[in-house]
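Participant:
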Amino acid sequence: MSSTSKFSKLAGISVLAFAGLTAANAVNADNWRYAHEEYEGDVQDVFAYKFKEYIEDNSDHTLQIYRFGELGESDDIMEQTQAGILNFVNQSPGFTGSLIPEAQIFFIPYLMPTDMDMVIEFFRESEAINEDFPELYAEKGLELLQMYPEGEMVVTVDEPVTSPEEFNNKKIRVMTNPLLSETYSAFGATPTPLPWGEVYGALQTNMIQGQENPIFWIESGGLYEVSPNLVFTGHGWFTTAMMANQNFYNGLSDEDKQLVQDAADYAFEEIIVHIDGLADEALDKITSASDEVTVTRLNDEQIEAFKARAPQVEEKFIEMTGERGKELLNQFKEDLKEVQNN
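Numbering-wise, the sequence shown is residues -29 to -1, 1 to 313 according to mature numbering (1 follows the signal peptide of the UniProt record, and there is no 0).
1. If you run the structure through DSSP and keep just helix, strand and coil, what is Thr161?
2. Buried or exposed, going by whether 16 or more other CB atoms sit within 10 Å of the CB of Asn(-5)?
3. Where do the N-terminal and C-terminal ends of the beta strand (DSSP E) with Gln62 fall, by residue?
4. Among the candidates Asn313, Asn139, Ala279 and Asp46, whose CA atom is the shortest distance from the CA of Ser69?
5. Anyone know if the C-beta pair for Gln35 and Ala157 falls short of 7 Å?
6. Specify whether the stretch 245 to 255 and the stretch 122 to 139 touch according to this definition: at least 3 beta carbon pairs, one from each stretch, less than 8 Å apart.
7. Since Leu115 contacts Ala212 with CB under 8 Å, what's their CB separation in whole angstroms?
8. In angstroms, rounded to a whole number, what distance separates the CA positions of Gly91 and Ile243?
9. Which whole-angstrom value is the C-beta distance of Thr265 and Pro131, which I expect to be below 8 Å?
10. To which residues of the same chain is Gly296 closer than 8 Å at the C-beta, ignoring the five residues directly before and after it?
11. Alpha carbon to alpha carbon, how far is Thr154 from Ala279?
12. Would you list the one or two residues that DSSP bridges to Pro120?
13. Tell me the DSSP secondary structure of Val264 in three-state form.
14. Taking only runs that begin and end inside the stretch 39 to 92, name each unbroken beta strand (DSSP E) of 3 or more residues, in chain order.
15. Looking at the strands, I want to know which residues DSSP matches up with Glu114.
16. Look up Val244 in the DSSP assignment and say whether it is helix, strand or coil.
17. Between which two residues does the alpha helix (DSSP H) carrying Val17 extend?
18. Comparing alpha-carbon positions, which option in Val126, Ala54, Thr133 and Glu98 lies nearest Lys142?
19. Mapping DSSP to helix, strand and coil, what is Pro284?
20. In angstroms with no decimal places, state the Cα-to-Cα distance between Gly55 and Asn218.
21. With DSSP run on the structure shown, which of helix, strand or coil describes Gln311?
22. Applying the criterion that 16 or more other CB atoms from any shown protein chain within 10 Å of the CB defines a buried residue, is Arg268 buried or exposed?
23. What span of residues does the beta strand (DSSP E) with Leu34 cover, start to end?
24. Could you check if Ala260 is buried or exposed, using at least 16 other CB atoms within 10 Å of its CB as the buried criterion?
25. Measure how close the beta-carbons of Gly65 and Met146 come, nearest whole angstrom, since I'm counting them as under 8 Å.
26. Out of Asp227, Gln229, Pro135 and Phe22, point me to the one whose CA is closest to Phe277's CA.
27. Assign Val126 to one of three DSSP states: helix, strand, or coil.
28. Closer than 7 Å by C-beta to Gln302: which residues in its own chain qualify, once you throw out the five before and the five after it? Chain order, please.
29. Report the partner residues of Ala234 according to the DSSP bridge assignment.
30. In the DSSP assignment, what are the bridge partners of Asn200?
31. In the structure shown, what three-state DSSP assignment does Asn301 receive?
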């Protein structure tokens, strides 16, 4: 189904929600609208409410937040933001990759460090993040306000896996992102791209049918699977981005532009505190809920076997994005070296 058709199907929701609202009057509205692609209490939701907190504590503006499904899928809320119906949107590069191919860089395995402090410093200081990406988003009518990490990527499978060979013939559900599929193909698995809503629907079907073993739905790094075996490969951090409709942003007063920037910075600092230890807490809850859960953390030798397959994903990224993607990748690596040498 085309994105235009899917967008049209949302008429019953968006028209009722925004009757009479146009891009022009949205610019002047005191009540701003912000949609993200996760559920209540998830990282994007926490970020959104911290952003809202700062806006409402420091101005007369109010902020209405819409969670996943309330206004459609990830591509739907992006279309609404580009159209000016929404003022702000939070969307991961996993979905933005179809709009901005270079955003798929975050799915090149073993590009990012595993140390959280290094990851945070990279997001704070990186030229690629803070200078190059805003230009790419601007070309699509978007004002990039903040990129931030959500947590380490985790693979869940039907049995413990410690090598690429053990991934052979494993069917894994992934975001509808070409490079993400390339990554898990390189690891030996057979990826099946699915929109978030379809994955959730598949989970509900499995739960209704019933299973002898407990069902766990792990969302991390755009990889979804219903199974009780978690594998930590150390291959990356799930990244997301918060942005504004550029016409809306450019139409703000200097005071309100600063307010929005300060609110995004505030939410970033708050979310860094929030995600520290969050994965361990979630893992404790999962393992405490059932004796069937296994957790596998690859050792250095096992990781090297997966890391050896990363170059083919880099090549695919450059093939998808051309010279500009190659330049971005080089800048990315330079920024990471600076962080690692500090």
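For each residue, glycine too, the CB sits at the ideal point set by N, CA and C.
Facilitator: On the basis of the data shown:
1. Here residue 161 refers to the residue found at position 190 of the sequence shown. Looking at Thr161 - three-state DSSP - the assignment turns out to be strand.
2. As a working note, residue -5 is residue 25 in the sequence shown. Confidence is the limiting factor: at Asn(-5) the pLDDT is only 41, short of 50, which leaves the residue's position unreliable and the question unanswerable from this model.
3. Along the sequence shown, one-based indexing puts residue 62 at 91. Looking at the DSSP string, the run of the beta strand (DSSP E) that includes Gln62 is Phe59 to Gln62.
4. As a working mapping, residue 69 is identified with position 98 in the sequence shown. If we check each option's Cα against that of Ser69, Asp46 comes out closest.
5. Along the sequence shown, one-based indexing puts residue 35 at 64. Along the sequence shown, one-based indexing puts residue 157 at 186. Cβ atoms of Gln35 and Ala157: not closer than 7 Å.
6. yes
7. For the purposes of this step, residue 115 is taken as the residue at position 144 of the sequence shown. For the purposes of this step, residue 212 is taken as the residue at position 241 of the sequence shown. Right, the Cβ-Cβ distance comes to about 6 Å (below 8 Å), so this counts as a contact.
8. Locating residue 91 in the sequence shown gives position 120, where the first residue counts as 1. Locating residue 243 in the sequence shown gives position 272, where the first residue counts as 1. Note that residue 91 corresponds to Ile in the displayed sequence, not to Gly. Each residue's Cα considered, the two are about 8 Å apart.
9. Here residue 265 refers to the residue found at position 294 of the sequence shown. Here residue 131 refers to the residue found at position 160 of the sequence shown. Rounded, the Cβ-Cβ distance is 5 Å, consistent with contact.
10. Position 325 of the sequence shown, counted from the start, is the residue given in the question as residue 296. Excluding positions up to five away in sequence, the list reads Pro72, Glu73, Ile76, Phe288 and Ile289.
11. Taking the first residue of the sequence shown as position 1, residue 154 is located at position 183. Taking the first residue of the sequence shown as position 1, residue 279 is located at position 308. If you take the alpha carbons of Thr154 and Ala279, they lie about 12 Å apart.
12. For the purposes of this step, residue 120 is identified with residue 149 of the sequence shown, where counting begins at 1. DSSP output for Pro120 lists Thr210 as bridge partner(s).
13. By 1-based counting over the sequence shown, the position of residue 264 is 293. Note: Val264 maps to coil in three-state DSSP.
14. 59 to 62
15. Against the sequence shown, residue 114 aligns to sequence position 143. Bridge partners of Glu114: Ala215.
16. Taking the sequence shown and counting its residues from 1, one reaches residue 244 at position 273. Val244: helix per DSSP, three-state reduction.
17. One-based indexing of the sequence shown puts residue 17 at position 46. Element bounds for Val17: Val14 to Asp28.
18. Here residue 142 corresponds to residue number 171 of the sequence shown, with the count starting at 1. Answer by Cα proximity: Val126.
19. Locating residue 284 in the sequence shown gives position 313, where the first residue counts as 1. Checking the displayed sequence, the identity of residue 284 turns out to be Val instead of Pro. Correct three-state label for Val284: helix.
20. Residue 55 sits at position 84 when you count from the first residue of the sequence shown. Residue 218 sits at position 247 when you count from the first residue of the sequence shown. Rounded to the nearest angstrom, the two C-alpha atoms are 8 Å apart.
21. Locating residue 311 in the sequence shown gives position 340, counting from the first residue. Here Gln311 sits in helix by DSSP.
22. The residue you call residue 268 lines up with position 297 of the sequence shown. When all chains shown are included, Arg268 counts as exposed.
23. For the purposes of this step, residue 34 is taken as residue 63 along the sequence shown, with counting starting at 1. It spans Thr33 to Tyr37 - the beta strand (DSSP E) in which Leu34 sits, taken as one unbroken run.
24. If you number the sequence shown from 1, residue 260 lands on position 289. Per the 10 Å Cβ criterion, exposed.
25. As a first step, residue 65 is located in the sequence shown; it is residue number 94 there, counting from the start. As a first step, residue 146 is located in the sequence shown; it is residue number 175 there, counting from the start. About 4 Å separates the two Cβ atoms, so the contact holds.
26. Numbered from 1 along the sequence shown, position 306 holds the residue referred to as residue 277. The residue with the shortest Cα to Cα distance from Phe277 is Pro135.
27. Taking the first residue of the sequence shown as 1, we reach residue 126 at position 155. Three-state DSSP puts Val126 in a strand.
28. As a position in the sequence shown, residue 302 is number 331, starting the count at 1. Hits under 7 Å: Glu98, Ala99 and Asp103.
29. For this step, residue 234 is matched to residue 263 along the sequence shown. In the DSSP output, where bridge partners are listed per residue, Ala234 has none listed.
30. Taking the sequence shown and counting its residues from 1, one reaches residue 200 at position 229. Looking at the DSSP assignment, Asn200 forms a beta bridge with Val128 and Thr265.
31. Here residue 301 is taken as the residue at index 330 of the sequence shown, counted from 1. Correct three-state label for Asn301: helix.
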